[in-house]
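Reading through the structure tokens given below for one structure.
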Amino acid sequence: MKYYWYSKKSGLHSFQSPFQFHQSSASALAHPRLHEGVIRDLERQAQKKANLLQLEEQIALTKELKREQKRLAESENC
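Using UniProt numbering, read the sequence shown as starting at 1 and increasing by one per residue.
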């Protein structure tokens, strides 16, 4: 079960148990958010790398297709 705490200064916070709230400070509450941000950033970087690899593959396949189409067009003209 998640518990929530709201601060005008730093917004909404969640924690796992009411005991965690009493044991933590504002900086400790910010740590999980920072960790989640780092994880999201790493996921974005990995997705960007995968997208670039896919784009490079698509470019290579497009070049190969154009060469094949050109070769077929030349063979039909002969």
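Note that the Cβ used here is the ideal one computed from N, Cα and C, for glycine as well.
Chain-order list of residues whose beta-carbon lies under 8 Å from that of residue 68 (same chain, five-residue window excluded): none
Residue 63 in three-state terms, based on DSSP: helix
Spatial distance of residue 75 from residue 65 (CA atoms): Going by C-alpha positions, residue 75 is about 15 Å away from residue 65.
Residue 57 versus residue 70 - alpha carbon distance: 20 Å
Residue 9 - DSSP class collapsed to helix/strand/coil: coil
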